[in-house]
Amino acid sequence: MELIDLLILSLSALLLSLWWRYWSVTGGGPKNLPPGPPGWPLVGNLIQVILQRRPFMYIVRDLRTKYGPIFTMQMGQRTLIIVTSSDLIHEALVQKGPIFASRPPDSPIRLVFSVGKCAINSAEYGPLWRTLRRNFVTELINPARIKQCSWIREWALEYHMKRLKKEASDKGFVEVMSNCRLTICSILICICFGARISEDRIKNIESILKEVMLMTTLKLPDFLPVLTPLFRQQLGEAKLLRKKQMDCLVPLIRNRKVFVESGGNPNFSFSEMVSPIGAAYIDSLFGLEPAGRGRLGEEELVTLCSEGRNRERSFELTYCVLLHKNCKIQHSISFEYEQDKDDYLDSWICMKTGTFHL
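Under the working numbering, think of the first position of the sequence shown as 8, with each following residue one higher.
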């Protein structure tokens, strides 16, 4: 037994020294990394972050006051360099963009939805990423395309106001987030697929994309890949969710493809297609052949058309926070109410952080 105990102690010491040498922020040889909080053996700062039970950004804010605008955190087997200064962010992402343009390895769950990292927000820096990003900028976010899609925004806003009026008259209050999500999702569907579909289908798609967003958030295997085999059940759930995502979006892709191949015939049976050929984002992806990838299949098309969901969530929260905190915006809305005298505006806007009356 003494020999076994000695072997166990020796092995433990060896593992600890390897961790100290290669994974510790404060120990080992020179790594040219910014300073950071000391971590625990093997898990680094991961357990410390979990035990604090508060949003990660609050932890970052506190650490910034102690370690400066750039510091290192060891999250399991992942080394994170946290940058909180606008000047340093500009230097990293603009001046030295190619150096920081790549992405870390994805967990098996995230790979299910990115189809082998065939997505702008997960692809490694190279021909695939450049092709996808160039096409995205050209087809979606250039000024000419934004102006071309103005009718979609006007249509969505019209139906948005109708829903608000009906909800205010039925309930006496308006649920901001659910209505905004539904409207934004309808805009994204029309921009991506050129289709105007029923509200029930929009709700179904929005619900599934929300599940996908929650499923792909960072989890323990992202920081400790060695624990991946313990999360096989979640991997199975991710595959089932991916099938649901495919089932709800693939029909739109196929209908749009047939519509394009028919030359945009107005007598065609797919009356839901309202955008002309070339006006939908998916039209540019049908003939796209990234280097080393070939023509994109239905799985890749679903992934690329679902990427905007995370940004949508960020925009919603930002706008609601500004509306809740900015008295000038509230006064502007109140002024419009006094000018228009619409009864539907005499309602409560309910938010998780509070309410205010219009």
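All C-beta atoms, glycine included, are put in the ideal place defined by N, C-alpha and C.
Just so it is clear, the structure is predicted and the values come from calculations on it, not from any experiment.
Put simply, the stretch 209-226 does not touch the stretch 297-310. Fewer than three CB pairs are less than 8 Å apart.
The closest CA to that of Ser114, considering only Asn211, Glu218 and Gln241, is found on Gln241. Under the three-state reduction of DSSP, Gln55 is assigned to helix. Boundaries of the beta strand (DSSP E) around Arg85: Arg85 to Val90. When the beta-carbon positions are compared, Phe230 and Leu53 come within less than 8 Å of each other. Per the Cβ contact rule, the stretch 200-208 is in contact with the stretch 279-293 (3 or more Cβ pairs under 8 Å). At the C-beta level, Met80 and Pro44 come within 8 Å of one another. Put simply, the stretch 165-178 does not touch the stretch 252-259. Fewer than three CB pairs are less than 8 Å apart. Using a Cβ distance threshold of 8 Å, Cys255 and Ile209 do not count as a contacting pair. In terms of Cβ geometry, Tyr132 and Ser109 form a close pair [threshold 8 Å]. Under the criterion of beta carbons closer than 8 Å, Val90 and Ile77 qualify as touching, at roughly 5 Å. Under DSSP, Phe78 takes part in a beta bridge, and its partners are Ile89.
Rounded to whole angstroms, Ile106 and Arg137 show a C-alpha spacing of 14 Å. Counting only residues of its own chain and dropping the five nearest sequence neighbours on each side, Ser193 has a CB closer than 6 Å to the CB of Ala163 and Ile209.
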